[in-house]
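Visitor: Pasting a structure below so you can have a look.
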Amino acid sequence: MPAWVLFVAFVVIPLVSALGLAFFRTDGLVQREWIGLGNFISLKADPLFWRSLANLGLFAVFTVPLQTIGPLIGAKLLYSLRSARVAYWYRTALVFPVLVPSVVTILVWQELYSSSGLINTLLASVGLEHYTRAWLGDPTTVVPAIVAMGLPFTGGISLLVYLAGFMSLSPSLEEAARLDGAGSWAVFTRIELPVLAPQIRVIALLSLLGVVQNFDNIQILTNGGPMNASLTPALYLFRSGFEFGQLGYASALGVVLLGMCVLLTLVLRKFGRKDA
Amino acid sequence: MNRSRFWSQGLLHISLAILALLTSLPFICMALMSAKDLGQLTLSFWSWPTPFHWENYLFGLQVTARYLANSLMVSGAVCVLTLICASLSAYAFSRFRFLGRDTLFGSLLMAMMVPSALLLVPLFLVCRTLGLLDTAWGLILPQTAGALPLAIFLLRSFFDEIPRGLFDAARIDGAGEGRVLWHVVVPLSQPVFSTVAVLNLVGSWNNYIWPLISVQAESLRTLPLGLAFLTAERDLKFEPGRVMAAYFMASLPLLILFLLMTRQFVKGLTGGALKE
Amino acid sequence: MGSVRQKLRCGVATFVMVCMSGSALARTLTVACFHEDLLPGIRAVLPEFERQTGMSVRAQAVPHGSYELWIRTQMLSGDPPDIVLVDDLPLINRYGQSGLLQSIDALFAAPSPYDRSATPRPWRDVFKTELIQQARDPSGRLWSVPFTQYGVGFFYNRAVYEKLHLTPPATWEQLISNFEAVRASGATAIACAVRANDAQTVWMADMILELLLRPVVPEVNLRHAAGWHYEVADPASTRDEAITLDERLVAFAHGVIDPARSPAFRETARLMREMAREFRPDFLSLDGEEVTRIFGRGESVHFLNGTWYLRELSMMQRSIAQTAPERVFPWGVFPFPELTAESTKLPRLGGITQNSALRVCLALPRHKNDAPREDAAVALAQFLTAPTVTSELFKNTNVYDLPAMAEVPPKAGVESLAPPRRNAFLQVAQFRGYDARGEAEFWTLWQRFLGRQIELDDFLRGLSASHRAALARLAAEQAPSLDQNFLKAQLPGGFAP
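Chains as they are written, first to last, in my numbering: chain A, 1 to 276; chain B, 1 to 276; chain C, 1 to 497.
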């Protein structure tokens with residue numbers, strides 16, 4: 001199958017060669033020294049690694065629910081519209097901003113968060129000077145501030161996935177329920193949600209993976225600071241590998257991260273099955 | 001139309017309009033920035049550009065014209081190849097029980113969890129070995145392979161929902177697997193196909209890092225890469241508005257494509273009817 | 001007589017080039033440049049090189065985004081560019097230590113055929129000695145050819161200075177009192193970027209630390225040439241010296257450059273925190289570019305940066321003048337002020353040196369099976385750094401960086417950022433540590449310290465541990481090249497990690 005040829009050549013082989021480095025002390029260039037589990041042992045003793053994991057947990061707790069529920073609400077609103085033509089335009093407006101390069105989004109939010117930026121100016125103008133702060137420069141607000149950049153969390157692609165789910169709903173089922181006197185809320189929770197359960201699981205999983213993978217935004221905005229309050233494992237991995245020249249260590253981090261993701265997926269799946 | 005329905009539709013419109021506005025904000029900002037010069041960007045980030053620097057768009061147009069063909073070719077090929085390969089595999093995963101199916105599918109899922117930064121350099125080395133550097137295939141194939149796991153995952157979760165009865169009916173009519181896929185599955189899955197297509201287009205359209213490291217020849221540069229090189233070559237650091245205008249123009253072809261493609265969703269509505 | 005010698009030298013140069021072009025006939029060299037502003041100058045002088053050697057040269061601008069990955073893949077591709085112009089010294093040194101770059105030490109000892117100086121001299125004498133010292137890696141080796149130098153000073157809003165009757169300060173005390181006066185008037189004194197990797201505070205700390213460590217230079221440079229002694233006013237006094245890793249290990253173990261025990265480190269940190277009181281409150285998340293925008297809007301009265309910002313600010317103001325002329329204000333630059341007996345009780349030798357660091361260097365990637373190609377790259381590097389060529393090169397750019405060559409004059413307008421005097425320089429210690437991982441640890445500590453989450457003693461203790469660990473890592477990596485006898489004699493107990 002063509003898919004598998006491509007997959008093996010361009011994903012599996014690089015993957016194996018990258019993860020193999022986890023057992024070496026190497027800068028990934030020419031020097032290479034076998035150190036067995038050495039990298040994993042130093043990883044276990046590395047406070048930055050644990051800090052980054054904790055940060056990742058925090059990011060996930062904020063991001064995953066928002067990115068799962070936000071697009072669902074958006075899709076439900078779109079689905080409830082009676083006019084297909086209007087729905088088409090709203091759908092376009094909700095989806096096409098995924099085209100905007102992240103450089104632009106980052107610039108906009110930097111301007112918003114700056115200590116003389118729009119948010120602080122607005123707060124000050126309504127008498128809330130007390131709440132103004134350096135949003136990205138304060139270790140207590142930096143994670144929520146980065147998460148908030150996803151506003152309003154309708155996430156174009158996820159919205160389309162949900163919408164595809166809604167489209168495959170059987171209208172007659174809904175009508176039957178309405179004839180039985182079920183309100184909109186009951187239709188939503190009793191009929192639509194159960195049918196959409198697979199989509200919800202998919203989106204939740206994808207947004208979790210997204211959180212784990214994401215580092216370039218954070219790198220540009222705070223580079224993991226202040227005081228490592230926004231350092232994530234993926235960013236730490238990038239910096240270890242390409243900034244500190246410790247590619248072996250970075251690969252070990254990658255292996256651990258991968259292991260944890262797999263474990264988490266298995267656990268989630270198990271729970272998912274129980275529901276079903 | 002009764003009164004309560006009128007009000008609920010009104011409310012829907014208002015909330016969707018707000019969501020759409022918020023979502024489009026980065027795009028609007030990009031449009032505003034693209035008509036400003038350095039001074040206007042420094043002093044009045046949020047305000048309307050006066051004077052309006054139309055000439056920025058000339059630059060944008062020039063960049064877009066120069067690299068549009070490459071981008072269309074690469075993104076188009078990535079998109080089509082991904083759709084073909086992924087739908088075949090997803091169909092196999094969904095329809096057949098074969099030895100090691102779950103393990104294989106699990107390995108795909110795993111591939112999505114690998115921190116992407118780790119893979120770039122080994123991937124580069126694979127392409128060097130295969131002689132793919134500085135070729136169009138070197139741009140297309142690795143990006144396709146990278147997009148496959150997610151595409152297969154999404155397609156399969158949709159295919160799984162198609163009732164078995166439909167397949168059996170088609171089979172009784174004497175259709176082979178190829179025909180079942182083409183005549184039953186594909187029409188039913190229009191929404192998810194367009195979702196995957198959008199996902200791929202956006203991903204490869206904005207991809208900067210892979211073209212940067214795998215292509216040296218100017219004739220193969222895609223839009224983001226060409227723009228970055230032009231910015232460096234012409235010392236455009238002090239013309240951020242022009243760069244924004246180029247981003248803006250570069251997003252227009254895709255926007256048009258979107259408008260055409262998401263129309264497929266309407267067709268998807270029939271899926272519900274078929275489902276009974 | 002002089003002209004005869006000149007002719008003779010020209011003849012030798014031509015001979016060398018003919019030899020080279022014989023083996024490198026119709027060769028094309030590539031120059032990858034991450035500094036687009038230098039490119040017009042490079043392109044202006046290349047035809048002369050091509051004419052003299054018969055080779056052709058392609059100079060290419062490379063976008064700065066993700067340059068680490070670009071360089072890495074180019075290096076691993078087996079066909080890297082012949083010369084890379086980049087300003088990331090730690091990165092260059094890492095590739096050098098991995099054997100992927102030509103070593104510059106040996107090349108520097110021989111004369112450059114393009115150098116037209118009256119008396120024959122080794123290539124290295126073309127450059128400012130102190131810059132060569134700055135380019136050395138922590139083991140004292142050299143992997144890059146210095147090209148431009150970054151002078152650092154305070155950019156200030158002259159309109160505000162006139163309104164508040166302030167004058168550019170000459171001493172640290174005056175600087176702080178100017179900041180206080182600005183703050184008292186309700187404005188922000190200085191926007192300073194301390195986001196991880198934004199070097200502004202580190203430039204300042206390094207300037208102070210270098211000044212305060214000068215008295216201990218002889219205690220660090222233990223293995224020196226016979227009869228060597230440190231002469232602050234004579235930059236050439238450090239010409240053949242280098243601080244090697246073994247010397248640094250000994251100095252650290254003896255406490256001379258240990259942050260927890262060295263008064264110079266303590267004093268540097270104390271002074272910097274005194275200044276940090278005046279920083280705009282979001283300093284922990286600001287980045288360098290944002291700072292310039294903030295200053296350009298008139299939202300802060302000072303910022304500290306290098307020569308490059310002369311162009312950035314002029315361009316910004318020129319652009320602002322087109323739409324909002326009333327927002328344009330006069331600005332100026334003053335050098336980093338002197339420390340006086342009032343600022344610090346520690347002994348000092350000479351005055352503060354204005355230069356922060358080397359900026360752009362040339363790195364020469366190796367082509368292991370193609371010696372003629374490597375030689376051709378060396379010839380091109382020698383050509384580009386020959387004072388006569390470099391003068392022409394800089395004339396064709398808008399670059400305000402100071403040339404790394406002693407005889408090439410800087411651009412007009414950069415005077416206040418150029419070091420008023422050149423001091424002898426040996427890189428005895430670095431405030432931020434000795435490898436990239438140590439540097440990352442430093443940034444965490446530094447943000448905590450300037451953000452007033454930890455006190456001076458904790459900061460110095462943490463920094464000491466980080467420096468020690470980095471040195472131990474380097475010692476483990478480079479064990480074969482260390483002078484074990486010297487280490488045994490100086491550190492009988494070994495270096496404790």
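Beta carbons: idealized from backbone N, C-alpha and C, even for Gly.
Suppose contacts are defined by Cβ-Cβ distances below 8 Å. Is E173(C) in contact with S343(C) by that definition?
Guide: Position 173 of the third sequence, counted from the start, is the residue given in the question as residue 173(C). Position 343 of the third sequence, counted from the start, is the residue given in the question as residue 343(C). It is a contact, given that the beta carbons lie within the stated cut-off.
Visitor: Could you tell me if L100(C) is buried or exposed, where buried requires 16 or more neighbouring beta carbons within 10 angstroms of its beta carbon?
Guide: Within the third sequence, the letter at position 100 stands for residue 100(C). It counts as buried.
Visitor: Would you say M316(C) faces chain B, with C-beta separation under 8 Å as the test?
Guide: Within the third sequence, numbered from 1, the residue matching residue 316(C) stands at position 316. It does; some Cβ of chain B falls within 8 Å.
Visitor: Using the C-alpha atoms, what's the distance from P215(C) back to D240(C)?
Guide: As a first step, residue 240(C) is located in the third sequence; it is residue number 240 there, counting from the start. As a first step, residue 215(C) is located in the third sequence; it is residue number 215 there, counting from the start. One C-alpha to the other measures close to 19 Å.
Visitor: Have a look at S214(B), S194(B), I28(B), E161(B) and flag the residue whose alpha-carbon is nearest the alpha-carbon of L107(A).
Guide: Walking along the first sequence from the start, residue 107(A) turns up at place 107. Minimum Cα distance to L107(A) is reached at I28(B).
Visitor: Going along the chain, which residues of the stretch 136 to 168 of chain B sit with their C-beta nearer than 8 Å to a C-beta in chain A?
Guide: Against chain A - using a Cβ distance shorter than 8 Å - the residues of the stretch 136 to 168 of chain B are L141, P142, T144, A145, G146, L148, P149, L150, I152, F153, L154, S157, F158, D160, E161.
Visitor: Using beta carbons (cut-off 8 Å, strictly below), is F98(B) in contact with chain C?
Guide: Walking along the second sequence from the start, residue 98(B) turns up at place 98. No, its Cβ sits nowhere closer than 8 Å to a Cβ of chain C.
Visitor: Answer with buried or exposed for A509(C), where buried requires no fewer than 16 other C-beta atoms within 10 angstroms of its C-beta.
Guide: Outside the shown range of chain C (1 to 497) lies residue 509(C), about which nothing can therefore be said.
Visitor: For S219(B) and E162(C), what's the separation of their Cα atoms in angstroms?
Guide: Locating residue 219(B) in the second sequence gives position 219, counting from the first residue. Locating residue 162(C) in the third sequence gives position 162, counting from the first residue. Those two C-alpha atoms are separated by around 55 Å.
Visitor: Given that C208(B) touches chain C, what residues does it touch there, using C-beta distances under 8 Å?
Guide: Sequence index remark: in the second sequence, residue 208(B) carries index 208 (1-based). Here residue 208(B) is Tyr; the residue named in the question, Cys, does not match the sequence. The contacting residues are G65, S66.
Visitor: Listed from N- to C-terminal order along the chain, which residues in the stretch 245 to 269 of chain A have their beta-carbon within a distance smaller than 8 Å of any beta-carbon of chain C?
Guide: The residues in question are G245, Q246.
Visitor: Please name the residue, chosen from P122(B), F105(B), L141(B), that lies closest to L155(B) on a Cα-to-Cα basis.
Guide: For the purposes of this step, residue 155(B) is taken as the residue at position 155 of the second sequence. Checked all of P122(B), F105(B), L141(B); the closest Cα to L155(B) is F105(B).
Visitor: Which residue or residues does DSSP assign as beta-bridge partners of P403(C)?
Guide: Indexing the third sequence from 1 puts residue 403(C) at position 403. P403(C) is bridged to T148(C).
Visitor: With DSSP as the reference, label R461(C) as helix, strand or coil.
Guide: Numbered from 1 along the third sequence, position 461 holds the residue referred to as residue 461(C). DSSP places R461(C) in helix when its eight states are reduced to three.
Visitor: On a CA-only basis, which of W48(B), A136(B), A117(B), L58(B) is nearest A250(A)? Give me that one, please.
Guide: Here residue 250(A) corresponds to residue number 250 of the first sequence, with the count starting at 1. It is A117(B) whose Cα lies nearest to the Cα of A250(A).
Visitor: Indicate the three-state DSSP secondary structure (helix, strand or coil) for A357(C) in the structure shown.
Guide: Walking along the third sequence from the start, residue 357(C) turns up at place 357. The answer is strand: DSSP assigns A357(C) an E or B state.
Visitor: Quick check: L85(C) and L38(C), are their CB atoms within less than 8 Å of each other?
Guide: The residue labelled residue 85(C) in the question sits at position 85 within the third sequence. The residue labelled residue 38(C) in the question sits at position 38 within the third sequence. Yes. Within cutoff.
Visitor: Consider the Cβ of S116(A): report whether some Cβ of chain C lies at a distance smaller than 8 Å.
Guide: Translated into the one-based positions of the first sequence, residue 116(A) becomes position 116. It does; some Cβ of chain C falls within 8 Å.
Visitor: At what residues does the alpha helix (DSSP H) containing A321(C) begin and finish?
Guide: Taking the first residue of the third sequence as 1, we reach residue 321(C) at position 321. That run of the alpha helix (DSSP H) goes 308 to 323.
Visitor: By a C-beta neighbour count over all protein chains shown, 10 Å radius and 16 as the cutoff for buried, is D401(C) buried or exposed?
Guide: Counting from 1 along the third sequence, the entry for residue 401(C) is found at position 401. Counting Cβ neighbours within 10 Å, D401(C) comes out buried, since at least 16 surround it.
Visitor: Tell me the residue span of the beta strand (DSSP E) that contains V63(B).
Guide: Within the second sequence, numbered from 1, the residue matching residue 63(B) stands at position 63. Segment 55 to 95 is the alpha helix (DSSP H) holding V63(B); no beta strand (DSSP E) there.
Visitor: Could you pull out every residue in the same chain whose Cβ sits closer than 6 Å to the Cβ of F283(C), ignoring the five residues on either side in sequence?
Guide: Translated into positions along the third sequence, residue 283(C) becomes position 283. Excluding positions up to five away in sequence, the list reads C192, V194.
Visitor: On the criterion of 16 or more Cβ atoms from any shown chain inside 10 Å, does S184(A) qualify as buried, or is it exposed?
Guide: Reading the first sequence from its first residue, position 184 is the one you call residue 184(A). Label assigned to S184(A): exposed.
Visitor: Is S112(C) near A357(C), with beta carbons less than 8 Å apart?
Guide: Within the third sequence, numbered from 1, the residue matching residue 112(C) stands at position 112. Within the third sequence, numbered from 1, the residue matching residue 357(C) stands at position 357. The answer is no: Cβ separation not under 8 Å.
Visitor: Using DSSP bridges, identify the partner residues of Q60(C).
Guide: As a first step, residue 60(C) must be located in the third sequence, where it is residue number 60. Q60(C) pairs with A32(C).
Visitor: So which of A181(C), K128(C), A109(C) has the shortest CA-CA distance to R121(C)?
Guide: Taking the first residue of the third sequence as position 1, residue 121(C) is located at position 121. Of A181(C), K128(C), A109(C), the residue nearest in Cα terms is A109(C).
Visitor: Starting from R514(C) and walking both ways along the alpha helix (DSSP H), at which residues does that stretch end?
Guide: Nothing about residue 514(C) can be reported from this structure: the residues present for chain C run from 1 to 497 only.
Visitor: Given that Y309(C) touches chain A, what residues does it touch there, using C-beta distances under 8 Å?
Guide: In the third sequence, the residue the question calls residue 309(C) occupies position 309. Simply none; closest approach about 19 Å.
Visitor: Measure the CB-CB distance between L89(C) and A32(C) and report whether it falls below 8 Å.
Guide: For the purposes of this step, residue 89(C) is taken as residue 89 along the third sequence, with counting starting at 1. For the purposes of this step, residue 32(C) is taken as residue 32 along the third sequence, with counting starting at 1. Their beta carbons are not under 8 Å apart, which means L89(C) does not touch A32(C) by this criterion.
Visitor: For the stretch 211 to 230 of chain B against the stretch 51 to 63 of chain C, are there 3 or more C-beta pairs whose distance is under 8 Å?
Guide: Segments in contact, yes.
Visitor: At which residues does the beta strand (DSSP E) containing W135(A) begin and terminate?
Guide: Along the first sequence, one-based indexing puts residue 135(A) at 135. Premise fails: W135(A) is in no beta strand (DSSP E) and is neither H nor E.
Visitor: Please return the same chain residues whose Cβ sits closer than 7 Å to the Cβ of G350(C), not counting the five positions on each side in sequence.
Guide: As a working mapping, residue 350(C) is identified with position 350 in the third sequence. The residues are R214, V232, A233, N423.
Visitor: Identify the contact partners of A92(B) in chain C, using a Cβ-Cβ distance below 7 Å as the criterion.
Guide: The sequence position of residue 92(B) within the second sequence is 92, counting from 1. Neighbours of A92(B) on chain C: none; closest Cβ ~35 Å, over 7 Å.
Visitor: Can a CB atom of chain B be found closer than 8 Å to the CB of D88(C)?
Guide: By one-based count along the third sequence, residue 88(C) stands at place 88. Answer no: the Cβ-Cβ gap between D88(C) and chain B never drops below 8 Å.
Visitor: Which residues in the same chain as A251(C) place their Cβ atom closer than 6 Å to its Cβ, once the five residues preceding and following it in sequence are excluded?
Guide: In the third sequence, residue 251(C) corresponds to position 251, counting from 1. So the qualifying residues of the chain are V220, I257.
Visitor: Is I13(A) near V126(B), with beta carbons less than 8 Å apart?
Guide: As a working note, residue 13(A) is residue 13 in the first sequence. As a working note, residue 126(B) is residue 126 in the second sequence. Contact: yes.
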